[in-house]
Amino acid sequence: MATQFQINGRPVQSDAPTATPLLWVIREELKLTGTKYGCGTGLCGACMVHVDGQRAFSCQTQIGEVAGKAVTTIEGLSGDSSHPVQKAWLAERVPQCGYCQSGQIMSAADLLKHNPKPTRAQIVEHMSTNICRCGTYPRIVRAIERVAREA
Amino acid sequence: MTIALRNTDLSRRTFMVGAAGLTFAVASGARINSAAAARSGDVTMSPWVTISTDGTVAIMSPAAEMGQGSLTSLPLILAEELDADWSKVRIVVAPPNDELYKNPGFGYMYTAGSNAVTSYFKPLRLFGAQVRKVLLANAAAHWNVPVAELTTGPNVVIHEKSGRRLSYGEIAAFAEIPAKAPEVAESELKPPKSFRLIGHDVMRTELPSKVNGTAQYAIDVQVPGMVYGAILRSPVEGAGPDKIDDAKAKAIAGVQQIVPLPYGVGVIAATPWAAFDGKDALKVSWTRAGKAWGFNSEKALPAFAAAARDLSQPAKVWGSAGDAVAALKTATDTVEAEYRNDLVYHAQMEPLNAVASVSANGDACEVWCGVQSKTIAVSVAANALNIAPDKIAYHDMLLGGGFGRRGHRDEEYVHDAVVLSKAVKKPVKMMWTREDDVHNGRFNPLSAHYLRAGFDASGKLIAFHHRKACDEVTAFQDPVRFERQKGRDGIAYNGVDAPYYEIANRLGEGVPRETGLRTSSLRGIAHLTNIFAIESFMDELARKRGVDPAAFRRDLVKSNPRAVAIIDKVAQMADWGRKRDGSALGFSYMNYSGTQIALAAEATVDRKSGAIRVSNVWTALDPGIAVQPNTIAAQTESSIIYGLGFALFERVTIDDGAVEQSGFYDYHVPRMNEIPETHIEVVPTDNHPTGVGQMATPLVGPAIANAIAELTGVRLRETPMTPERVKKALG
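Order-wise, the sequence lines are chains A and B.
For the first sequence, the numbering used here begins at 1 and goes up steadily by one.
For the second sequence, the numbering used here begins at 1001 and goes up steadily by one.
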């Protein structure tokens, strides 16, 4: 049975078995490859998306769970890299290899949406779900603080 | 500025100019010639620069981009001497061609050892200067004025006297290319004070694509008709499948084919999840071929330590000065110590993968991959199919982390994709899961270090002897290089002799082990463990003599002003002399391939749990000319955090030859809530640029251990310094 849901504002459907991780449907069926596979166990956050406005590990979300829901990926965060988090990410030169950064940005956008002026401790707590092996953490903090400051 | 990442589209070229006569710029590649044929009659061509009539300056970038920024930094060096307008520069990823684009530091296209800028710096400046000379000569002829009256500005030739200007694009429309490239003396290059681009940060060219999901890694490639491949590889190098029970795997919906291989079993499926489920459902018993069966890392390490300590065990001299063994015999006071290091996993964020599309009759192949050596990738694909390298169409992809993992001579994950595609006669996206990436890991080797030092009656350090027992990494990672280097293994032993310390008698030796484990260069390379040993030991020596540890090191580098300056800088940044309440500072220093770097760490320890917390790290480095200072700072932050993981958390163990860890649930890499505040100063000088990609990594562990020694009086001798080990050491 096809699962119907929204991705970045447009209706889509997938025939994948309902237990299939949303991650692979997004990447391989919908060809939105900005969302990354990093661990498949919900421990690195490279796969982070928003489901109905809340961040979610897409590798831990079954496709059946998003029936009727709205999924946002990095490609849907803005059409032109104009989301304040994306702008701050460039201003602070955050990415290195870049592989985890879609997930980092989706986590940061989630934080700032619910808490536009997070403290340093709140940033660290929220963002510790996401691993960056290049160690861009200091710049991620600076970028989030920049968004909060400029908001 | 734009970037062409996925192809080498040179069809827009209007002219190419030359570097003939320079050692690695002879235009001979078939691709280059055909692309250059846009303008008939061109003679000597450089594969490096193309200037179009609209003023676009296309510059080849020869290195792999894995986050370190070379994609941008290298063409920027050429653009500096060309006097190009950076906003008109288009960076083009160089195709695999060793003859044209090899890294002079290695002799082939290989991005490793933090040496891309170091090795390409001089040739790229010369190429840029040559192109500029050709432009000047053409403008001089056009205006009929002496070339000496001309100068350049960004993308423009200027005749000051008459006020005339010709843009590089305008010159491109009529330029005559000399048969032989002009000679450029080093004295004709810009003095550093005239640099417009070098030393001034520009936006890294691919960075915008890394905030909107458009950056393309191999794992993102989609090819029409593509299927998915997973591979169960043997747990031990050299072993292969003995019995394969694939009944359950075949029963999984979407699984299309099982592909037995000499070293494992492949699963082909219509979807990634079916391929992974199919792999997990395989039941395979393995042959006992291969050396590592029965190996247990915890049991091996004491044996390594015994071998390092046993001076009768054969060793390979890595480096020496004077006669350390004799000097130790005459010393009035000797000190000895031992250190141990567990295996470390790269944990690059992108699990290894590649996409391959082999033609139906197996006589050609397209491959998409992220590798540290693209020419090796081409060879791997060609060898797997037993066809010529020119039958391989190679697509360069960004690397989701490298750290030394992607430059092995066999680039086995590329091989995996090619053989699976060949077997099923379809394009295959071959992906390792994170678990595969750990199980198939090639690790920084297990090592044990034995060090001894001798002081004379006046208290002067006169002898230093360091023996490191570990596998010879290059022998596994790159047998070709190992042979070329006549068995001298820099990946395992470089720096074991601390050559930069002014000690009259020094001896650094490797005591080779042969475990059969899969080993690799990893960030920090040999220094990662060597410096843990050396800088911990220096601290012990300083304490034993009652000398301040920073001053102790400073005295050992006193004839090198750059080294002294960087030690003093870090001492000042950290307020080194000030005692902390409840925490303490530790110091470390090294000369990493010419880069001067020192580091201080502030640490606390929870005596109940044994957990170490690092609150602050200060570091300063002098890499000579800082081509892109912000990128250097970023690499240093990155190096510190990588070093923190090595120091405190990261540990692979082996039992019966197989890896015991599987993912981020049992292999602990640093998260944001575990990192210190980092305080970094890049201190450029006018010296030739040296490496910046990993220099702080080896310094973190010893600085932490030294801080704990200052705080508790207890010496930690083993990485990672896990809570269990610390608790045990504190007693």
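C-beta atoms are modelled at their ideal positions from N, C-alpha and C, and glycine is treated no differently.
Checklist line | Backbone secondary structure at Gln6(A) - three-state DSSP | finding: Locating residue 6(A) in the first sequence gives position 6, counting from the first residue. Looking at Gln6(A) - three-state DSSP - the assignment turns out to be strand.
Next item on the list: State the CB to CB distance for the pair Pro1670(B) and Leu1528(B), rounded to an integer number of angstroms; the pair is presumed to be in contact (CB under 8 Å).
Entry: Residue numbering aside, residue 1670(B) sits at position 670 when the second sequence is read from its first letter. Residue numbering aside, residue 1528(B) sits at position 528 when the second sequence is read from its first letter. Rounded, the Cβ-Cβ distance is 15 Å, inconsistent with contact.
Next item on the list: Find the residues of chain A that neighbour Leu1399(B), judging by a C-beta separation of less than 7 Å, and give them in chain order.
Entry: As a working note, residue 1399(B) is residue 399 in the second sequence. Chain A residues near Leu1399(B): Cys97.
Checklist line | Outcome for Gln104(A) when other beta-carbon atoms lying within 10 angstroms are tallied against a minimum of 16 | finding: Position 104 of the first sequence, counting from 1, holds the residue named residue 104(A). Flag for Gln104(A) reads buried.
Next item on the list: Run through the region 1150-1216 of chain B for me and flag every whole beta strand (DSSP E) of 3 or more residues, listed as ranges in chain order.
Entry: 1150-1153, 1156-1159, 1164-1167
Next item on the list: Out of Glu1502(B), Gly1594(B), Val1473(B), state which residue places its alpha-carbon closest to the alpha-carbon of Arg1488(B).
Entry: Indexing the second sequence from 1 puts residue 1488(B) at position 488. Comparing Cα positions, the closest option is Val1473(B).
Item checked: Reduced DSSP category for Phe1432(B) - H, G, I as helix; E, B as strand; rest coil -> Residue numbering aside, residue 1432(B) sits at position 432 when the second sequence is read from its first letter. Reading off the sequence, residue 1432(B) comes out as Trp, not Phe. Here Trp1432(B) sits in coil by DSSP.
Notebook entry, point to check: Looking at C-alpha atoms only, which residue of Arg1715(B), Asn1212(B), Gln1635(B), Asn1383(B) is the closest neighbour of Gly34(A)?
Noted result: Within the first sequence, residue 34(A) is the residue found at index 34, counting from 1. When only C-alpha atoms are compared, the closest one is Asn1212(B).
Next item on the list: Whole angstroms is fine: what's the gap from Arg1535(B)'s alpha carbon to Gly1594(B)'s?
Entry: For this step, residue 1535(B) is matched to residue 535 along the second sequence. For this step, residue 1594(B) is matched to residue 594 along the second sequence. For clarity, residue 1535(B) is Glu in the given sequence; the question names Arg instead. The straight-line gap from Cα to Cα measures roughly 17 Å.
Notebook entry, point to check: Beta-carbon separation of Leu1585(B) and Glu1602(B) under 7 Å?
Noted result: Along the second sequence, read from residue 1 onward, the residue named residue 1585(B) stands at position 585. Along the second sequence, read from residue 1 onward, the residue named residue 1602(B) stands at position 602. Yes, these two residues count as a Cβ contact at 7 Å.
Next item on the list: Determine whether the Cβ of Leu22(A) lies closer than 7 Å to any Cβ atom of chain B.
Entry: In the first sequence, counting from the first residue as 1, residue 22(A) sits at position 22. Answer no: the Cβ-Cβ gap between Leu22(A) and chain B never drops below 7 Å.
Notebook entry, point to check: Counting pairs of beta carbons, one from the region 1155-1169 of chain B and one from the region 1124-1142 of chain B, are three or more of them closer than 8 Å?
Noted result: yes
Margin query: Please list, in chain order, the chain A residues whose beta carbon lies closer than 8 Å to that of Ile1338(B).
Written below: Position 338 of the second sequence holds residue 1338(B). First, the residue type needs correcting, since residue 1338(B) is Glu and not Ile in the sequence shown. Those do not exist, as Glu1338(B) stays about 30 Å from chain A at its closest Cβ, beyond 8 Å.
Next item on the list: Taking C-beta pairs closer than 7 Å, name the residues in chain B that Ser102(A) reaches, listed in chain order.
Entry: What you label residue 102(A) is simply residue 102 of the first sequence in a count that begins at 1. Residues of chain B passing the Cβ test: Gly1213.
Margin query: Distance cutoff 7 Å, beta carbons only. Does Ala1004(B) sit that close to anything in chain A?
Written below: For the purposes of this step, residue 1004(B) is taken as the residue at position 4 of the second sequence. Note that Ala1004(B) has pLDDT 39, beneath the 50 cutoff, so the model's placement of it is unreliable and the number below is only indicative. With 7 Å as the cut-off, Ala1004(B) does not count as an interface residue toward chain A.
Check: To which residues of the same chain is Ala1729(B) closer than 7 Å at the C-beta, ignoring the five residues directly before and after it?
Finding: Residue 1729(B) sits at position 729 when you count from the first residue of the second sequence. Excluding residues within five positions, the ones whose Cβ falls inside 7 Å are Val1714, Leu1716.
Next item on the list: Find the nearest neighbour of Pro1702(B) within the set Val1367(B), Ile1268(B), Glu1718(B), judged by alpha-carbon distance.
Entry: Here residue 1702(B) is taken as the residue at index 702 of the second sequence, counted from 1. Closest by alpha carbon: Glu1718(B).
Notebook entry, point to check: So, helix, strand or coil for Tyr1450(B), using DSSP?
Noted result: Here residue 1450(B) refers to the residue found at position 450 when the second sequence is read from its first residue. Three-state result, Tyr1450(B): strand.
Next item on the list: Could you give the DSSP three-state label for Gly1508(B): helix, strand or coil?
Entry: Counting from one through the second sequence, the residue named residue 1508(B) turns up at place 508. Correct three-state label for Gly1508(B): strand.
Notebook entry, point to check: For Phe1443(B) versus Val1344(B), is the C-beta spacing smaller than 7 Å?
Noted result: Position 443 of the second sequence, counted from the first residue, corresponds to residue 1443(B). Position 344 of the second sequence, counted from the first residue, corresponds to residue 1344(B). Yes, these two residues count as a Cβ contact at 7 Å.
Item checked: Limits of the alpha helix (DSSP H) - the one that Phe1552(B) falls within -> For the purposes of this step, residue 1552(B) is taken as residue 552 along the second sequence, with counting starting at 1. Element bounds for Phe1552(B): 1549-1556.
Check: My guess is that Lys1426(B) and Gly1657(B) are in contact by the Cβ rule of under 8 Å, so how many angstroms apart are they, rounded?
Finding: Residue mapping note: residue 1426(B) aligns to position 426 of the second sequence, counting from 1. Residue mapping note: residue 1657(B) aligns to position 657 of the second sequence, counting from 1. In fact, because the Cβ distance is near 34 Å, the residues do not count as touching under 8 Å.
Notebook entry, point to check: Where Gln1216(B) and Ser1615(B) are concerned, what is the direct C-alpha to C-alpha distance, given to the nearest angstrom?
Noted result: On the second sequence, position 216 is the one that residue 1216(B) refers to. On the second sequence, position 615 is the one that residue 1615(B) refers to. Each residue's Cα considered, the two are about 36 Å apart.
Next item on the list: Could you tell me the boundaries of the alpha helix (DSSP H) in which Arg1725(B) lies?
Entry: Within the second sequence, the letter at position 725 stands for residue 1725(B). Taken as a continuous stretch (DSSP letters only), the alpha helix (DSSP H) holding Arg1725(B) covers 1723-1730.
Next item on the list: Please determine, among Thr1330(B), Ala1327(B), Gly1404(B), Tyr1339(B), the residue with the shortest C-alpha to C-alpha distance to Ala1307(B).
Entry: For this step, residue 1307(B) is matched to residue 307 along the second sequence. For the residues Thr1330(B), Ala1327(B), Gly1404(B), Tyr1339(B), the minimum Cα distance to Ala1307(B) belongs to Tyr1339(B).
Checklist line | Start-end ranges of the alpha helix (DSSP H) lying completely within the region 43-95 of chain A, minimum 4 residues | finding: 74-77, 84-91
Notebook entry, point to check: So what's Ser1119(B) in DSSP terms, helix, strand or just coil?
Noted result: Here residue 1119(B) is taken as the residue at index 119 of the second sequence, counted from 1. Reduced to three states, the DSSP call for Ser1119(B) is helix.
Check: Any idea if His1395(B) is buried or exposed, counting beta-carbon neighbours within 10 angstroms, 16 or more meaning buried?
Finding: By 1-based counting over the second sequence, the position of residue 1395(B) is 395. Flag for His1395(B) reads buried.
Next item on the list: Report the residue ranges of all beta strand (DSSP E) runs contained in full by the region 1681-1707 of chain B; include only those spanning at least 3 residues, in chain order.
Entry: none
Next item on the list: Closer than 9 Å, Cβ to Cβ, to anything on chain A: give me those residues from the region 1268-1289 of chain B, in chain order.
Entry: Thr1271, Pro1272, Trp1273, Phe1276
Next item on the list: Counting only the same chain and skipping the five closest in sequence on each side, list residues whose C-beta sits under 8 Å from that of His1159(B).
Entry: As a first step, residue 1159(B) is located in the second sequence; it is residue number 159 there, counting from the start. So the qualifying residues of the chain are Ala1139, Trp1143, Val1145, Glu1149, Leu1150, Arg1165.
Notebook entry, point to check: Among the residues of its own chain, which have a CB less than 6 Å from the CB of Thr1287(B), if the five just before and after it don't count?
Noted result: Sequence index remark: in the second sequence, residue 1287(B) carries index 287 (1-based). Ala1239, Gly1240, Asp1242.
Notebook entry, point to check: List, in order along the chain, the chain A residues whose C-beta lies closer than 7 Å to that of Thr1678(B)?
Noted result: In the second sequence, the residue the question calls residue 1678(B) occupies position 678. The contacting residues are Pro138.
Next item on the list: Out of Phe1195(B), Ser1209(B), Thr1053(B), Pro1262(B), state which residue places its alpha-carbon closest to the alpha-carbon of Asp80(A).
Entry: Translated into the one-based positions of the first sequence, residue 80(A) becomes position 80. Per the Cα distances, Ser1209(B).
Notebook entry, point to check: Would a check of beta-carbon distances place Asn1673(B) closer than 7 Å to chain A?
Noted result: Start at 1 with the first residue of the second sequence, and residue 1673(B) comes out as number 673. Answer yes: the Cβ-Cβ gap between Asn1673(B) and chain A drops below 7 Å somewhere.
Notebook entry, point to check: Taking 6 Å as the cut-off, is the CB of Lys1558(B) close to at least one heavy atom of the ligand MG?
Noted result: Ligands in the displayed structure: none, and consequently the ligand MG is not present.
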